[in-house]
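Following: one structure in structure tokens, then a few remarks.
Numbering (the UniProt record's numbering), first residue to last: 1 to 405.
If you want it as structure tokens, here you go:
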């Protein structure tokens with residue numbers, strides 16, 4: 001294969017990898033209640049409590065996996081890390097179909113989360129290092145946009161198949177992807193860096209010196225509002241619908257379909273806007289403002305009925321679509337010896353923030369009420385995200401051939 005086609009092969013395979021990643025990740029959000037019922041949990045309060053517990057286990061697994069697979073990507077290579085990540089989450093998802101108790105389910109969700117954590121960051125890092133500077137944003141946007149279609153397919157699949165069949169399908173798709181990955185070339189920048197003496201793949205390197213910690217903290221918090229929307233508005237949409245007094249029950253599968261349909265549109269739009277503005281920062285800032293406005297409008301319009309609810313979920317999903325620009329920026333902010341660590345850790349730290357965010361939401365609901373608590377947290381997360389975005393350096397034109405000292 002000619003050398004000019006190899007980067008685009010990596011883009012295609014990374015996009016399909018993220019497709020399977022999102023299919024598996026979102027599938028659990030839809031299946032958490034049906035699968036718990038399937039193993040004998042029937043009490044509504046227990047379903048809510050155990051559903052949150054399983055979600056927390058998955059997110060904690062992703063947080064730990066982000067650091068572990070990020071470090072592995074800088075130490076052993078981007079492609080090897082992808083192989084290990086896919087093998088782990090595919091095995092865990094396949095085994096999910098055969099759980100008979102909550103304890104085993106929780107362990108497998110943690111393992112699945114640990115494996116899922118390695119996919120996006122390593123793929124974006126590989127694509128960013130293989131493509132020329134002017135096309136980096138195009139490649140990473142294609143990866144995220146195609147990949148996020150996996151979430152839409154997950155929503156449709158969950159309405160057609162039972163929960164066990166869905167988990168089996170997710171595991172099989174992962175192993176098919178693993179076979180496809182075997183022909184993808186390693187990053188030349190990594191191979192060049194690996195021949196040098198610079199220390200690499202140490203997650204603690206993100207914490208010191210203080211300037212580097214500030215870089216990492218700001219990029220993480222710039223995306224925190226995305227996972228407020230995902231972890232509260234999307235995952236707990238049925239609960240929000242009941243709090244709004246809707247007569248028609250909100251269906252989780254439809255929420256995911258509308259939400260991630262919007263996310264696909266938003267990811268493509270944010271990547272396009274970044275290319276037009278020639279700025280990652282301004283694209284992220286514009287989408288943060290749009291996200292804050294759309295969540296406030298959602299809380300006012302959604303109580304009018306199920307269709308306005310779903311329509312506004314689509315709009316909020318589109319406003320969260322700066323995820324691809326966020327991950328691209330995370331990879332561009334750091335040198336080759338910490339790039340996979342940062343690009344893999346950052347999105348999973350953001351996902352991990354859903355644990356304290358949802359816990360705070362649950363704590364505030366009894367005092368403030370569901371809608372006021374949601375409004376307050378939405379505005380707070382967006383304000384923090386916007387301030388942190390303004391503190392980031394611009395990376396659009398940055399040459400990635402550098403290391404962190």
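We put the CB at the ideal spot given by N, CA and C, even for glycine.
Contacting residues, own chain, Cβ-Cβ under 8 Å from residue i (five flanking each side not counted)
| i | result |
| --- | --- |
| residue 226 | 291, 320, 322, 323, 326, 350 |
| residue 169 | 157, 161 |
| residue 257 | 152, 155, 156 |
Residue-level contact to chain D via CB, residue i, 8 Å cutoff
| i | result |
| --- | --- |
| residue 292 | Going by chain labels, chain D is absent from the structure shown, which holds only one protein chain. |
Assigned secondary structure, residue i (DSSP; H/G/I helix, E/B strand, else coil)
| i | result |
| --- | --- |
| residue 232 | helix |
| residue 249 | coil |
| residue 45 | helix |
| residue 397 | coil |
| residue 86 | helix |
| residue 92 | helix |
| residue 334 | coil |
| residue 303 | helix |
| residue 184 | coil |
| residue 322 | coil |
| residue 199 | coil |
| residue 348 | helix |
| residue 28 | helix |
Selected residue, minimal CA-CA separation from residue i, among the options
| i | options | result |
| --- | --- | --- |
| residue 362 | 53, 304, 248 | 53 |
| residue 211 | 180, 333, 200, 397 | 333 |
| residue 40 | 264, 60, 219, 101 | 101 |
| residue 187 | 95, 26, 113, 78 | 78 |
| residue 68 | 46, 346, 316 | 346 |
| residue 244 | 94, 195, 298 | 298 |
| residue 279 | 123, 374, 354, 390 | 390 |
| residue 98 | 337, 314, 35 | 35 |
| residue 241 | 310, 358, 122, 214 | 310 |
| residue 121 | 338, 300, 236 | 338 |
Classification of residue i by the beta-carbon crowding that lies within 10 angstroms, buried from 16 upward
| i | result |
| --- | --- |
| residue 163 | buried |
| residue 249 | exposed |
| residue 192 | exposed |
| residue 204 | exposed |
| residue 209 | exposed |
| residue 129 | buried |
| residue 43 | exposed |
| residue 372 | exposed |
| residue 198 | exposed |
| residue 369 | exposed |
Residues of its chain near residue i, where Cβ-Cβ distance is below 6 Å and the 5 sequence neighbours each way are ignored
| i | result |
| --- | --- |
| residue 268 | 145 |
| residue 1 | The predicted model places residue 1 with a pLDDT of 47, which falls under 50 and marks its position as unreliable, so this point remains unresolved. |
| residue 336 | 189, 193, 403 |
Contact set for residue i: own chain, Cβ-Cβ below 7 Å, skip 5 residues either direction
| i | result |
| --- | --- |
| residue 184 | 9, 10, 13, 79 |
| residue 89 | 24, 112, 115, 116, 174 |
| residue 38 | 163 |
| residue 286 | 273 |
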